[in-house]
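Here's the structure we're looking at; comments come further down.
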Amino acid sequence: MPQDIYDKISTMAKRRGFIYPSFEIYGGIAGFYDYGPLGAQLKLNIENLWRRFFVLKDNCVEISTPTITLFEVLKASGHVEEFTDLTVDCPKCKKSFKVEDIIGSTPVEEALKEKKIKCLGCGTILTNPHPVNLMFGTTIGIGDGRAAFLRPETAQGIFTNFHLLYRYNRERLPFGVVQIGKGYRNEISPRQGTLRQREFSMAEAEVFIDPKIKTHPKFPSIVNEPIKLFDNETEHNVTVGEAVSRHIINSQALAYYVHLTSSFLLTAGVDPKKFRFRKHASDELAHYATECWDAELYSERFGWIECVGIADRSAYDLNAHLQASGVDMYAVRKYDEPKVVKRRKITPKMDVLGPLFKQEAGKIKAILETMEAPAKGSLTVTVDKKTVKIPDNAYDVTEVEEKTPGEKFIPNVIEPSFGIDRVLYFLIEHNYKEVSKKDEEYTILSFPACIAPITAGVFPLTDDEKLVSVAEQINSDLRDAYIHTYFDTTGTIGRRYARMDEVGTPFCITIDHDTLSDHQVTIRDRDTTEQQRVPMKAIVGILKEKIACSAPVH
RNA sequence: GCGGAUAUGAUCUAGUGGUUAUGAUAUCGGCUUCCCAAGCCGGUCACACGGGUUCGAAUCCCGUUAUCCGCACCA
129 MPQDIYDKIS TMAKRRGFIY PSFEIYGGIA GFYDYGPLGA QLKLNIENLW
179 RRFFVLKDNC VEISTPTITL FEVLKASGHV EEFTDLTVDC PKCKKSFKVE
229 DIIGSTPVEE ALKEKKIKCL GCGTILTNPH PVNLMFGTTI GIGDGRAAFL
279 RPETAQGIFT NFHLLYRYNR ERLPFGVVQI GKGYRNEISP RQGTLRQREF
329 SMAEAEVFID PKIKTHPKFP SIVNEPIKLF DNETEHNVTV GEAVSRHIIN
379 SQALAYYVHL TSSFLLTAGV DPKKFRFRKH ASDELAHYAT ECWDAELYSE
429 RFGWIECVGI ADRSAYDLNA HLQASGVDMY AVRKYDEPKV VKRRKITPKM
479 DVLGPLFKQE AGKIKAILET MEAPAKGSLT VTVDKKTVKI PDNAYDVTEV
529 EEKTPGEKFI PNVIEPSFGI DRVLYFLIEH NYKEVSKKDE EYTILSFPAC
579 IAPITAGVFP LTDDEKLVSV AEQINSDLRD AYIHTYFDTT GTIGRRYARM
629 DEVGTPFCIT IDHDTLSDHQ VTIRDRDTTE QQRVPMKAIV GILKEKIACS
679 APVH
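Counting from 129, one number per residue, gives the positions in the first sequence under my numbering.
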């Protein structure tokens, strides 16, 4: 098979220190990759660029929560059910089914023995039952510890802190919270290299909004920006404003983050021609989502690959945690003036309720205090699934006027969720260029300056001591200014340029004999190979400006 | 998970049941040269792992692992 771009990139990435297969000296394991020195720096640069968009520009706050997540959290969020499927295969029509779709709640072993599990299509007896559980389980503590999972997404760490974060944000909506970190999925069969890993990095933003005001404060500034949307039938080349007015995207808030994502990806260096947004069909939506747009990037080998999901998770998660934990996950929509409501308030008489209901009296009291007294008839409450009648002499009714400052509601969530490793791979693939120089194959990674792992090569033209010491000074000045450099005195200058081109270093600074007298150096541009003579003192400033990576026109 | 193919230095690769296992690139050292992968000399680094057959296995057989292709799966 001829080498395609994926093979070439894999080879280059390993050879030059971007990506290594993990644990290779012990045989390796599918779905795990190490980032070498250049890969780790590239990943850090991508994450920091992401922070510039989501934290600095969009005002989200960043938190950090454990990757080991308590069973209860993922039970409440639906992941325990949704990620654990027992699946059986049909040997005849080669289809797989969830066991529970076929036999309901019958124990599986029994059903297998009795050959009750038959293919819904052709009636053949199904075989090979295997659990498809995408979460890694573990136990916290020794012995009867508490069950836990490695998190399948960082989002739950944000949801479970909602009440604290809402207060941090001084009880105002909208606000966004981000987290960058590892997620884990025990993929059945990882393929496609780093595009499908079992441990992977994600950057997620959970933006909490009022479901009645699904907008974004900066939406007006982007209404005329173009965007390419594919709804599985038609490709719409529209403006962000049109996307919303024509209901291709169903809210301004969602559309805003579609645009922000686009802006981030293009700044990071994805090829606009290999980039689109695609809407999830209703049958591919996650269990928590009501609408989802994927940013898809095109790979020459793998086709269109989802790298970012921008989902409207509605109130799903906060509601789930509210139900399961009992902690208030509401926000308040303030009225212009507090509303005054007359209410027939119940005041329980504990001296009657206590002896009557014993240990249940406390629960009954709590329920009664939230209830409206019936205008007529008897009062009943439901405690532990039992309905009990409360005698008239066990409570008083008083008519009170209650002031309500606003309406309670569960916020909705817009979630842009980025697969960092996928973005990283695509930045390599989209920027991988082959040219031929003097009949030799020559490769260039045309990374934008803001994400390139090394910003500048620093080269004395010869290994003359005088040149080397000036170059060393320039090198340390740059490093003092947080600019990553690669200092190299060996080999010909062409070879040194070539080495930098292959790993995507945008600039090389060369110190030659003239530098000693005119205090100028040469800056060489990777993409044009053009050279510019500039004063030594100006270099830090020039490079800092280049790294700033202003947003491209698109 | 099922079926097929593959596995030799960091990379690409030659090779045979029998001495010390090719060659190139890269890398390191030396000489030389110095603005786009120059040359010469020298050095480091490999038969995926485990078992079997055999006097002898990197080579043949089996298993494992990984990778690639197809199927299935894929918030």
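Just so it is clear, CB atoms sit at the ideal spot from N, CA and C, and this is done for glycine as well.
Please read all numbers here as calculations on a predicted model, not as lab measurements.
| query | result |
| --- | --- |
| Segment contact, 8 angstroms Cβ cut-off, at least three pairs: the region 402-410 with the region 354-368 | yes |
| Residue 386, buried or exposed, once every other Cβ within 10 Å from all chains shown has been counted against 16 | buried |
| Residue 146 versus residue 166 - alpha carbon distance | 5 angstroms |
| Cutoff 8 angstroms; reference residue 680; Cβ partners in own chain excluding five residues on either side | Reliability fails at residue 680, whose pLDDT of 48 lies under 50, so the model's placement of it is uncertain and no value is given. |
| DSSP-derived helix/strand/coil call for residue 348 | helix |
| For residue 340, three-class secondary structure by DSSP | coil |
| Residue 134 versus residue 193 - alpha carbon distance | 35 angstroms |
| Residue closest to residue 415, alpha-carbon to alpha-carbon, out of 442, 624, 398 | 442 |
| Cβ neighbours of residue 579 in the same chain (closer than 7 angstroms, five flanking residues each side left out) | 170, 173, 174, 177, 396, 397, 555 |
| Three-way DSSP call (helix, strand, coil) for residue 276 in this model | strand |
| Cα-Cα separation, residue 228 to residue 560 | Legend: pLDDT at residue 228 = 49, less than 50; position of this residue unreliable, value from coordinates given subsequently. One C-alpha to the other measures close to 47 angstroms. |
| Supposed close pair residue 541, residue 445 - CB separation, criterion 8 angstroms | 6 angstroms |
| Cα-Cα separation, residue 342 to residue 490 | 41 angstroms |
| Neighbourhood of residue 149 by C-beta distance below 7 angstroms, restricted to the same chain and skipping five residues each side | 156, 161 |
| Top-ranked residue by Cα proximity to residue 620, from 587, 609, 632 | 587 |
| Classification of residue 690 by the beta-carbon crowding that lies within 10 angstroms, buried from 16 upward | It is not possible to answer for residue 690, since the shown part of the chain is limited to 129 through 682. |
| Residue 153, buried or exposed, once every other Cβ within 10 Å from all chains shown has been counted against 16 | exposed |
| Alpha-carbon spacing of residue 682 relative to residue 531, whole angstroms | In this prediction, residue 682 scores a pLDDT of 38, lower than 50, which makes its location untrustworthy; no coordinate-derived value is stated. |
| Residue 264, DSSP secondary structure in three states | coil |
| Nearest residue (CA-CA) to residue 348, options 321, 380, 283, 317 | 380 |
| Contacting residues, own chain, Cβ-Cβ under 7 angstroms from residue 683 (five flanking each side not counted) | The chain is shown only over 129 to 682; residue 683 falls outside these bounds and no answer can be derived. |
| Which residues DSSP lists as bridging residue 406, in chain order | 358, 422 |
| Residue 549, buried or exposed, once every other Cβ within 10 Å from all chains shown has been counted against 16 | buried |
| Residue span of the beta strand (DSSP E) that contains residue 560, given as start and end | 560-565 |
| Whole-number beta carbon distance between residue 585 and residue 614, since they are thought to touch under 8 angstroms | 5 angstroms |
| Backbone CA spacing between residue 198 and residue 275 [nearest angstrom] | 6 angstroms |
| Which listed residue (545, 520, 544) has its alpha carbon closest to that of residue 507 | 520 |
| Helix, strand or coil at residue 136 according to DSSP, with G and I counted as helix | helix |
| Reference residue 472; option with closest CA among 496, 478, 492 | 496 |
| Inter-stretch contact (C-beta, 8 angstroms, three-pair minimum) for the region 662-669 and the region 601-610 | yes |
| For residue 656, the nearest candidate out of 625, 513, 677, 639 (CA to CA) | 625 |
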